[in-house]
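Residue numbers (the numbering used here), protein chains in the order written: chain A, 1 to 80; chain B, 1001 to 1733; chain C, 2001 to 2236.
From the three backbone atoms N, C-alpha and C, an ideal C-beta is built for every residue, glycine too.
Encoded as structure tokens, the structure appears first; notes follow it.
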Amino acid sequence: MKVNVYVTLKKGVLDPQGKAVAGALVELGFKGLRGLKIGKFMELDLDVQTAQDARKLAEEMCRKLLANTVIEDFRVEVEG
Amino acid sequence: MEITPSVIEEHGLTVEEYRRIESVLGREPNIVELGIFSVMWSEHCSYKSSKVHLRNFPTKGPYVLQGPGENAGIVDIGDGLAVCFKMESHNHPSFIEPYQGAATGVGGILRDIFTMGARPVATLNSLRFGSKDNPKTRYLLGGVVAGIAGYGNCIGVPTVGGEVYFHESYDNNCLVNAMTVGIVRKDRIFRGTAAGVGNPVIYVGSRTGRDGIHGATMASDSFGTGGEERRPTVQVGDPFTEKLLLEACLEAFKTDYIAGIQDMGAAGLTSSSAEMAARAATGMEIDVGLVPRREEGMTPYEVMLSESQERMLLVVKKGSEEGVLEIFRKWDLEACIIGRVTDTRRLRVLDNRIPVADIPVDALTEDVPVYRRPSQRPKWQDEAISLDVKSIPEPSDFNAVMLRLLSSLNISSRKWIYRQYDHMVRTDTVVLPGSDAAVLRIKGTDKGLAVTVDCNSRYVYLDPFTGGAIAVSEAARNISASGAEPVALTDCLNFGNPERPEVMWQFENAIMGMKEACVKLGIPVISGNVSFYNETSGHSIYPTPTVGMVGVLKDLKRHTTVWFKEEGDAIALLGETLDEIGGSEYLKVIYSRDAGLPPRLDLSVEKNLQDACREAIRAGIIRSAHDLSDGGLSVAMVESCLSPQGPIGAVVDVPSGNIRKDALLFGESQSRIMVSLMEKDVKKLGDIARSRGVPFRVIGRVGGSSLNINGLVVLPLETIADAWGNALARFAG
Amino acid sequence: MKFGIVVFPGSNCDHDCYHVARHVSGQSAEYVWHRTAGLKGLDCVILPGGFSYGDYLRTGAIARFSPVMAEVERFAKKGGLVVGICNGFQILCEAGILPGVLMRNRDLKFICDSVYVRVENAKTPFTSSYREGRVLRLPIAHADGNYFTDGDTLKRLEDNGQIIFRYSTPDGEVSAEANPNGSLGNIAGIVNRGGNVLGLMPHPERVSEEVLGSIDGRGIFESIVRAAQARGTHLS
């Protein structure tokens, strides 16, 4: 079962990387940029039967390791 | 918002303190004012429990240009230059989020230095983690080291030295103390003063978010078991922005625009504005509506209490606003005028011109509550120091004991750590990490600086007075063994809950011991920090008054390292080995005991030893010098043999007299320095030692491919190199 | 001759390079702000180490769009000498002025240590003071120094003698144990096809004075001075 995991900084937590990259885009002349946040994307291939199990397992992995829940949120997407 | 008893309690204020606030204001405070009082009256900002004791420290000296009370202390080093330094703790944030906690700790202490006009030239750190068997230790170690590296490497200030110890008393409360040293021209020192009524107040650096709100009160609060839930208040560091801030500030300091400057550290905008006004005996009016924000909908309370990193508050001379703003714009930094200096001696806060707080600045700074808290010798102290030495059998196989010691986490090489720190950037690091002290050159002069941090908290636990005196003495010994003259120290006093009389007893006695050593060795305290409430569920850490010290080498060429240099050199011991194993690392590693009295310390003996060592180094006859500390003579020998230039063996035979063999090999008697020198210089060294009344004896010779101590420890260099060199890396992975 | 040391936001070895160029090599030197468009009067441009733009997104990814980089590219095309040290090397690769990329170190950690590198080609303007095969002890300080490129490019680099330094043992043996960061072919430094642009991960400016314990890196600066003086006139 394929699962996509998105890890992003919690709302309100400073994102130095996003800030610097946004500044660079503006410098390069791009218009219309309101905000930019940088996070991580992970593809998991899980050996489980149901989408429910996949979500449960992936969320557990996020809480334990994939996300630093002190400063990061995660979102789990189970594919098809 | 209504100020109810529970709101007051949540702000960490007692009923009496709240009454006092009412009487200062002549009315009830509103919530913004309550927030401001709560952070300024927190232990972290106010030093309310420590103030009466800190006054005991000697803080003056012929070279002291700035003592405690500013962002950092400053000492004159001649040639029109001065050295500026301070140490600070970031213990609680690092336990909650080790990477960001340690990173922002480094960021904060760097700002304290460059706000004084100094360019930071070196950073050091002192770390304490729980026992190796605690599963969290490895995670905290890895995170803290990576955080220090991440911040320091990026900003380009070398991390040149430090210390790290593991002990179960830190299992639920690690210590992260960071020290920064900077160089400043004597005539270009800046201070945190809001001078000049009518001068504009400028905010520069990162935008303000909801970071670390209540961080200052958090640092003054013990952890309960739910400590991990306090997480959202941890700040994230941005070393890139701080680098820009550093360069922009240093550029601004070259102009005549700046009247005063202070970084926004703990308690952010609140403490910087109040403290600057208090120091200048002026007042300040600021409009939080003008403060750049990262988030929408922030209240004046949040803006005033935010601890967002990488921000500074400037007071600039009227008419120079545009010039200042331009410098910061050049460095892609936000800068804007948010207020002005007044003559009211009040801190007045507006929110888009509507008043939201109005407080006398003295009530936030000078006139904070001060407590002389009760102190009492702990009941368990007698039991802790009792040690029946006869019950400790002498080992039969000293080689095995030696290898166990060498591969223990508190003795083994720290290379796994400092390899992650850029310790060479700025090309001033003449002696790299691993020696007694790091040595830095000062470009454009013949001078150098020696820097070190030190504390043996087991000694302090067993005997706070002696332990405090040893922390100062050993730091000074590290400096002296490098050839430098100690000039001043900074400290970071990490203790448990001051409301416990036992903790206060440790605190008072440690300070008196430190003071005694400072006075005797002639070393003033020029800055420092107190971190209380290092306890979890009632368990305090070992009292850890960390000392950071700086020494000056008038002639940089005359510096020494711990490493043996040439085969055939004589090895000599300055000082006397006593029959002492109490409080030693040996006793802990081999017998799992933290017991007995720490080694004795006679400060006149100590002073003579250090004077003799420096004199010999200045005379150019010393090839290596190493202070004997944790693990005693045998561990010092190993460290001297394992030179980064390639290992080199040694054979020594120390007359044991009547003392135990384990005390001879592993005892930690104070006031000892092992040196190596050419045979032809032995007589000269003997003369110097005798003239100062320092015991002196040639004990052996450098050379060969093994280490041989009295025939008791006989080990090939590869064996000791592997045991000592790889233990920490094996643990940390 | 005259060195120009580019200052990007976040450069932190700019002062160190200036110090060696000006005070150790005794040449003229000036800082070049990253917004500058123009490299007039310079013989050699140094892109120093550091963390330009915090190393955010990818090392060198943002700095390579700084206005000065277009000038550096023009300067290099005309044959001007360009040296990228550490972060400077990363920027040159991102800008496509040098081939390849510098990936995260094999063990994912920042490494600050002294390593040995062997001089693979002494017939360049950057290495003429060294003997071919000489082993230098140079400091490295990076988290992303793991050089990688595709097989064809690697072969071209090898065939053209564009690999200038390889990590080696103290005896000059290029082996896996001597490779600190996992670099392909133990590559520590390369030049462009024209031989006038050098990128290297080690920091020669940190070992150019006796007081720092070694002068192994000074040869690079000496070679540059010699090459620039032989050319006589400014290129720009």
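Return the first residue and the last residue of the beta strand (DSSP E) that C/L2184 is part of.
Taking the third sequence and counting its residues from 1, one reaches residue 2184 of chain C at position 184. Unbroken run through C/L2184: none, as it is neither H nor E.
Counting C-beta neighbours from all protein chains within 10 Å, is the total for B/Q1376 16 or more, i.e. buried, or is it exposed?
What you label residue 1376 of chain B is simply residue 376 of the second sequence in a count that begins at 1. It counts as exposed.
Residues in the stretch 7-26 of chain A with C-beta within 7 Å of chain C's C-beta atoms, listed in sequence order?
P16, Q17, A20, V21, A24
With DSSP as the reference, label C/V2207 as helix, strand or coil.
Residue mapping note: residue 2207 of chain C aligns to position 207 of the third sequence, counting from 1. Helix.
Runs of 3 residues minimum, wholly inside the stretch 1332-1411 of chain B: which ones carry the beta strand (DSSP E) assignment?
Segments of the beta strand (DSSP E) lying fully in the stretch 1332-1411 of chain B: 1335-1342, 1346-1351, 1354-1360.
Pull the bridge partners of B/R1128 from the DSSP assignment, please.
Position 128 of the second sequence holds residue 1128 of chain B. Its beta-bridge partners are B/Y1165, B/L1175.
DSSP-derived helix/strand/coil call for B/G1142:
Counted from its first residue, the second sequence places residue 1142 of chain B at position 142. Looking at B/G1142 - three-state DSSP - the assignment turns out to be helix.
B/E1153 - DSSP class collapsed to helix/strand/coil:
Position 153 of the second sequence, counted from the start, is the residue given in the question as residue 1153 of chain B. The sequence given here places Asn at residue 1153 of chain B; Glu does not occur at that position. Correct three-state label for B/N1153: helix.
Does the contact criterion of 3 or more C-beta pairs under 8 Å hold for the stretch 2020-2031 of chain C versus the stretch 2053-2060 of chain C?
no
Could you give the residue range of the alpha helix (DSSP H) that holds B/A1636?
As a position in the second sequence, residue 1636 of chain B is number 636, starting the count at 1. From DSSP, the alpha helix (DSSP H) with B/A1636 extends over 1632-1641.
Residue from C/C2112, C/I2164, C/E2030 whose Cα sits closest to the Cα of C/I2220
Reading the third sequence from its first residue, position 220 is the one you call residue 2220 of chain C. Nearest C-alpha to C/I2220: C/I2164.
Provide the residue(s) that pair with B/L1707 in DSSP beta bridges, ordered along the chain.
One-based indexing of the second sequence puts residue 1707 of chain B at position 707. In DSSP, B/L1707 forms a bridge with B/A1650, B/L1715.
Residue range of the unbroken beta strand (DSSP E) whose run includes C/I2097:
Here residue 2097 of chain C is taken as the residue at index 97 of the third sequence, counted from 1. Segment: none, C/I2097 is in no beta strand (DSSP E) and carries neither H nor E.
What first and last residue would you give for the beta strand (DSSP E) that runs through C/C2112?
Residue 2112 of chain C sits at position 112 when you count from the first residue of the third sequence. For C/C2112, the enclosing beta strand (DSSP E) has its first and last residue at 2111-2119.
Of all the CB atoms in chain C, is at least one closer than 8 Å to the CB of A/L36?
Mapped onto the first sequence, residue 36 of chain A falls at position 36. False, the Cβ-Cβ gap to chain C never drops below 8 Å.
Give me the Cβ distance between C/G2096 and C/R2118, rounded to the nearest whole Å; I'm assuming they're in contact under 8 Å.
Here residue 2096 of chain C corresponds to residue number 96 of the third sequence, with the count starting at 1. Here residue 2118 of chain C corresponds to residue number 118 of the third sequence, with the count starting at 1. About 27 Å; that fails the 8 Å criterion.
Which value, in whole angstroms, describes the spacing of the CA atoms of B/T1193 and C/A2141?
The residue labelled residue 1193 of chain B in the question sits at position 193 within the second sequence. The residue labelled residue 2141 of chain C in the question sits at position 141 within the third sequence. The straight-line gap from Cα to Cα measures roughly 39 Å.
Identify whether B/I1213 lies in helix, strand or coil by the three-state DSSP scheme.
The sequence position of residue 1213 of chain B within the second sequence is 213, counting from 1. Coil.
What would DSSP say about B/P1501, mapped onto helix, strand or coil?
Taking the second sequence and counting its residues from 1, one reaches residue 1501 of chain B at position 501. Here B/P1501 sits in helix by DSSP.
For the beta strand (DSSP E) containing B/M1674, name the first residue and the last one.
Against the second sequence, residue 1674 of chain B aligns to sequence position 674. From DSSP, the beta strand (DSSP E) with B/M1674 extends over 1673-1677.
By Cβ distance below 8 Å, which residues in the same chain neighbour B/L1244 in space, the five residues on each side in sequence not counted?
Here residue 1244 of chain B refers to the residue found at position 244 of the second sequence. The residues are W1331, D1332, L1333.
Against chain A, does B/M1218 count as a neighbour if the rule is that its beta carbon must be under 8 Å from one of theirs?
Translated into the one-based positions of the second sequence, residue 1218 of chain B becomes position 218. Per-residue confidence for B/M1218 stands at a pLDDT of 47, beneath the threshold of 50, marking its modelled position as unreliable; no derived number is given.
Do you know offhand how far B/R1348's Cα is from B/A1122's?
Taking the first residue of the second sequence as 1, we reach residue 1348 of chain B at position 348. Taking the first residue of the second sequence as 1, we reach residue 1122 of chain B at position 122. Going by the C-alpha atoms only, they are around 38 Å apart.
First through last residue of the beta strand (DSSP E) which encompasses B/H1626:
To locate residue 1626 of chain B, count along the second sequence from 1; it is residue 626. Here the beta strand (DSSP E) through B/H1626 covers 1624-1627.
With a cut-off of 8 Å, does the C-beta of C/H2015 fall near any C-beta of chain B?
Looking up residue 2015 of chain C in the third sequence gives position 15. Yes, contact with chain B.
I'd like to know if the stretch 2162-2180 of chain C and the stretch 1711-1719 of chain B are in contact, where contact means that at least 3 CB-CB pairs between them fall below 8 Å.
no
Beta-bridge partners of B/E1302, as assigned by DSSP
The sequence position of residue 1302 of chain B within the second sequence is 302, counting from 1. Residue pairing for B/E1302: DSSP places it in no beta bridge.
Best match in B/R1345, B/V1291, B/R1346 for proximity to B/C1336 [C-alpha to C-alpha]
For the purposes of this step, residue 1336 of chain B is identified with residue 336 of the second sequence, where counting begins at 1. Ranking the options by Cα distance to B/C1336, first place goes to B/V1291.
Indicate whether the contact test is met: 3 or more Cβ pairs, each with one atom in the stretch 1349-1359 of chain B and one in the stretch 1547-1567 of chain B, closer than 8 Å.
no
Is it buried or exposed, B/F1095, if we count other Cβ atoms within 10 angstroms and call 16 or more buried?
Counting from 1 along the second sequence, the entry for residue 1095 of chain B is found at position 95. Buried, because 16 or more other Cβ atoms sit within 10 Å of the Cβ of B/F1095.
Identity of the residues DSSP links to B/L1553 by a beta bridge
Within the second sequence, the letter at position 553 stands for residue 1553 of chain B. DSSP output for B/L1553 lists B/G1448 as bridge partner(s).
Write down the C-beta distance between B/W1416 and B/L1642 rounded to the nearest angstrom, noting that I regard them as a contact closer than 8 Å.
On the second sequence, residue 1416 of chain B is found 416 positions in, with the first residue counted as 1. On the second sequence, residue 1642 of chain B is found 642 positions in, with the first residue counted as 1. Going by Cβ atoms, the distance from B/W1416 to B/L1642 rounds to 15 Å, so no, they are not a contact pair.
If we count Cβ pairs, one from each stretch, closer than 8 Å, do we get three or more for the stretch 29-39 of chain A versus the stretch 1010-1026 of chain B?
no
For C/L2157, go through chain A and note every residue whose CB falls closer than 8 Å to its CB, in chain order.
Mapped onto the third sequence, residue 2157 of chain C falls at position 157. Near C/L2157 there are no residues of chain A at all, since even the closest Cβ is about 30 Å away, more than 8 Å.
Is C/F2008 close to chain A? Criterion is C-beta to C-beta, closer than 8 Å.
Your numbering for residue 2008 of chain C matches position 8 in the third sequence. No, no contact with chain A.
Run through the DSSP bridge pairs and tell me what C/H2142 is partnered with.
As a working mapping, residue 2142 of chain C is identified with position 142 in the third sequence. BP columns for C/H2142 point to C/I2111.
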